[in-house]
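Participant: So in the numbering used here, spot 294 of the sequence shown is number 664, and the numbers just go up one at a time.
The following block contains the structure, expressed as structure tokens.
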Amino acid sequence: MTSSSRMSRVLTVAALLGLGSGVTAQSAHPDPPAPGLVAPQQDLFYQPPASLSTLAPGTIVADRPVTLADPPAATAAWQISFRSNDSHDEPILAVTTLMVPTTPWPGPGLRPAVSLQFAEDSTALQCAPSYTLRAATSAADGLQSSQAALPAALLQRGWAVAVPDHEGPRSAFTAGPSSGHVVLDGIRAAARFTAGGLTPDTPWGLTGYSGGGTASGWAAQMQPSYAPELHITGAAIGGTPSDLMLLNRVNDNGPASPMVLETLAGIDAEYPEARISELLNAHGRDVFSQIRRMCTQQALTTYAFTSLRNLSAVPGLLDDPHVAGVLADNTLGHLTPRIPIYDYHGVLDELVPVGQDDSFVHQWCSDGATVQIVRDPLFEHIVEGTAHQDDAVNYLADRFTSVPAPDQC
371 MTSSSRMSRV LTVAALLGLG SGVTAQSAHP DPPAPGLVAP QQDLFYQPPA SLSTLAPGTI
431 VADRPVTLAD PPAATAAWQI SFRSNDSHDE PILAVTTLMV PTTPWPGPGL RPAVSLQFAE
491 DSTALQCAPS YTLRAATSAA DGLQSSQAAL PAALLQRGWA VAVPDHEGPR SAFTAGPSSG
551 HVVLDGIRAA ARFTAGGLTP DTPWGLTGYS GGGTASGWAA QMQPSYAPEL HITGAAIGGT
611 PSDLMLLNRV NDNGPASPMV LETLAGIDAE YPEARISELL NAHGRDVFSQ IRRMCTQQAL
671 TTYAFTSLRN LSAVPGLLDD PHVAGVLADN TLGHLTPRIP IYDYHGVLDE LVPVGQDDSF
731 VHQWCSDGAT VQIVRDPLFE HIVEGTAHQD DAVNYLADRF TSVPAPDQC
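Dropping the structure here:
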């Protein structure tokens, strides 16, 4: 491949993800905090109390009203920090942003709520939604930026919206159990937050696309065992990455290879037993250190077409049994949701192959799940994400009004 064609592919992916066009080698330098804001790394609100381990999952630690950078009309917003669990069931402090319409809910029943999982797809705290929703910086890039209008669409229905930092305090991108815990415990915390007007009986929906679809899928499949008391009526997920080994092999040394690096950096942060850091050479350790400071835009434009082979101290890093075992444990589909699912995916998805989505949906179906399966033959990853946002919202609306869920299992 010529250098000009390689650059063209980088620019194509960058354009699809809503990114800037500059592609240069550079050191990571996070955006400075927005005026009046403190970056999460220095914000005491994100620091866990010494008593965290004594609290039950979902217990509120702190809350504060916040001003959003692009506030939907007639909406009150708060941040809530709460106890959750990481992938090893150890306590972590997590954060969610709760938005509630200030107009009364006309009924019938209780005001519904949706937990919206953004595709953060990064391994730096300044890329977390709780910060980017307030900061309006370039940290809110890529797919997360493309989803920026979705909270308003949900709020216009009169629903409350919670947007959790589902990657947790380690920015553990693709760590499935941790993300599922944070989503479910964020719902528990929102239900306990009296100022928001929600209750333990509030009906909830889950939604997310791409990396947000993965977090939503993990929450859906973990809910029966981890949070059976929650009243979750359905989930709408799309473009969902599920098989981490397959995704790493498909995207290595390609225009989306930074997603491979971020996946392994997120897994390394959450699973030191995978020993990923030990398998990197000096250059690899430097690249991983840099990418842990970057949001999606800078990562893609800095490290496109990076090969793991050039970062590894051993041949076949992905074949190491410790790495392969952890990636397998974080593959979606080992558990089965008991809520109805709307699952959509573009057949031409060049970043997240549809076949691995078909695999976990088949597993769910074989275990008795209820799934409406949508496959668009002409759509790739980014177009698919925007094409079905309205359908996803309508699917949740039907679940809130007890319309029978379509089942194509």
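The beta-carbon is built from N, C-alpha and C at its ideal position, and this holds for glycine as well.
Identify which residue in Ala530, Gly428 and Leu438 has its Cα closest to the Cα of Pro474.
Facilitator: Ranking the options by Cα distance to Pro474, first place goes to Ala530.
Participant: Are there 16 or more other CB atoms within 10 angstroms of the CB of Val763, so buried, or fewer, so exposed?
Facilitator: Buried: at least 16 other Cβ atoms inside 10 Å.
Participant: Where does Leu414 land, buried or exposed, given buried means 16+ other C-beta within 10 angstroms?
Facilitator: By the neighbour-count rule (16 or more Cβ atoms within 10 Å), Leu414 is not buried but exposed.
Participant: Does the Cβ-Cβ distance between Pro471 and Ala439 come in under 8 angstroms?
Facilitator: No, the Cβ-Cβ distance between Pro471 and Ala439 is not below 8 angstroms.
Participant: Return helix, strand or coil for Leu631, following the three-state DSSP convention.
Facilitator: If DSSP states are grouped into helix, strand and coil, Leu631 belongs with the helices.
Participant: I need the straight-line Cα distance from Pro776 to Gly578, nearest angstrom please.
Facilitator: Their Cα atoms are separated by approximately 19 angstroms.
Participant: Going by Cα to Cα distance, which pick from Thr701, Val431 and Val408 is closest to Ser612?
Facilitator: Of Thr701, Val431 and Val408, the residue nearest in Cα terms is Thr701.
Participant: Go through its chain and collect everything with a Cβ distance to Ala589's Cβ below 7 angstroms, but skip five positions before and after it.
Facilitator: Only Gly550, Val553, Leu554 and Leu576 meet the Cβ criterion.
Participant: Just to confirm the assignment: which complete beta strand (DSSP E) runs, minimum length 3, are found wholly within the segment 409-481?
Facilitator: DSSP runs (the beta strand (DSSP E)) wholly in the segment 409-481: 430-435, 445-455 and 461-471.
Participant: Within its chain, find whatever has a CB closer than 8 angstroms to the CB of Gly392; leave out the 5 residues flanking it on each side and keep chain order.
Facilitator: Summary for Gly392: the model assigns pLDDT 29, below 50, so the residue's position carries little reliability; its value from the coordinates is reported in the next sentence. The answer, listed in chain order, is Thr671.
Participant: Taking just the CA atoms, how far does Val408 sit from Gly587?
Facilitator: Cα-Cα distance, rounded: 32 angstroms.
Participant: For the beta strand (DSSP E) that Pro534 lies in, which residues bound it at each end?
Facilitator: Its beta strand (DSSP E) spans residues Ala530 to Pro534.
Participant: Less than 8 angstroms between the C-beta atoms of Asp721 and His758, yes or no?
Facilitator: Asp is not the amino acid found at residue 721; the sequence shown has Leu there. Not closer than 8 angstroms, so no.
Participant: Within this structure, are the beta carbons of Ser492 and Cys665 separated by less than 8 angstroms?
Facilitator: Yes, the Cβ-Cβ distance between Ser492 and Cys665 is below 8 angstroms.
Participant: Would you identify the three-state DSSP class for Gly624, choosing helix, strand or coil?
Facilitator: Three-state DSSP puts Gly624 in coil, outside helix and strand.
Participant: If we ignore side chains and look at the alpha-carbon of each, how far apart do Ala494 and Ala739 end up?
Facilitator: Near 35 angstroms, if we compare the C-alpha coordinates of Ala739 and Ala494.
Participant: Buried or exposed for Gly716, going by 16 or more other Cβ atoms inside 10 Å?
Facilitator: Buried, because 16 or more other Cβ atoms sit within 10 Å of the Cβ of Gly716.
Participant: Where Leu389 and Gln667 are concerned, what is the direct C-alpha to C-alpha distance, given to the nearest angstrom?
Facilitator: Summary for Leu389: the model assigns pLDDT 37, below 50, so the residue's position carries little reliability; its value from the coordinates is reported in the next sentence. If I take the Cα positions, the gap works out to 6 angstroms.
Participant: For the candidate residues Pro691, Ala489 and Asn621, whose alpha-carbon lies nearest to that of Thr756?
Facilitator: That would be Ala489, whose Cα lies nearest to the Cα of Thr756.
Participant: From the DSSP output, which residues share a beta bridge with Ser682?
Facilitator: Leu650.
Participant: According to DSSP, is Val731 part of a helix, a strand, or is it coil?
Facilitator: Note: Val731 maps to helix in three-state DSSP.
Participant: Between Ala652, Gly556 and Ser541, which lies nearest to Val533 when the distance is taken from Cα to Cα?
Facilitator: Checking every option, the nearest Cα to that of Val533 belongs to Gly556.
Participant: Would you please state the rounded distance, in angstroms, between the beta carbons of Asn621 and His653? I believe it to be under 8 angstroms.
Facilitator: Contact flag wrong, Cβ pair sits at about 19 angstroms.
Participant: Could you tell me which of Val630, Pro594, His692 and Leu687 sits nearest to Leu705, measuring between CA atoms?
Facilitator: Minimum Cα distance to Leu705 is reached at Pro594.
Participant: Taking Ser627 and Ala674 to be in contact with their CB atoms under 8 angstroms, please state how far apart those CB atoms are, rounded to whole angstroms.
Facilitator: About 6 angstroms separates the two Cβ atoms, so the contact holds.
Participant: Using C-beta distances below 8 angstroms, list every residue in its chain close to Val431, excluding the 5 sequence neighbours before and after it, in chain order.
Facilitator: The residues are Pro418, Pro419, Leu422, Leu425, Ser451, Phe452, Arg453 and Leu463.
Participant: Could you give the DSSP three-state label for Gln496: helix, strand or coil?
Facilitator: Correct three-state label for Gln496: helix.
Participant: Within this structure, are the beta carbons of Gly636 and Phe543 separated by less than 8 angstroms?
Facilitator: Cβ distance < 8 angstroms, so Gly636 and Phe543 count as in contact.
Participant: On the criterion of 16 or more Cβ atoms from any shown chain inside 10 Å, does Arg662 qualify as buried, or is it exposed?
Facilitator: Burial call: buried.
Participant: What residue from Trp574, Thr564, Ala565 and Ala606 has the CA that sits closest to Gly582's CA?
Facilitator: Of the listed residues, the one whose Cα sits closest to Gly582 is Ala606.
Participant: Roughly how many angstroms separate the alpha carbons of Gln733 and Gly703, rounded to a whole number?
Facilitator: Roughly 6 angstroms separates the two Cα atoms.
Participant: For a quick check, are the C-beta atoms of Arg527 and Ala698 less than 8 angstroms apart?
Facilitator: No, they are not a contact pair.
Participant: Whose CA, out of Asp535, Thr466, Ile743 and Pro723, lies closest to the CA of Leu617?
Facilitator: Comparing Cα positions, the closest option is Pro723.
Participant: Counting along the chain, where does the beta strand (DSSP E) carrying His715 start and finish?
Facilitator: It spans Ile711 to Gly716 - the beta strand (DSSP E) in which His715 sits, taken as one unbroken run.
Participant: Along the alpha helix (DSSP H) that carries Ala589, what are the first and last residues, could you check?
Facilitator: First-last of the alpha helix (DSSP H) with Ala589: Gly581 to Tyr596.
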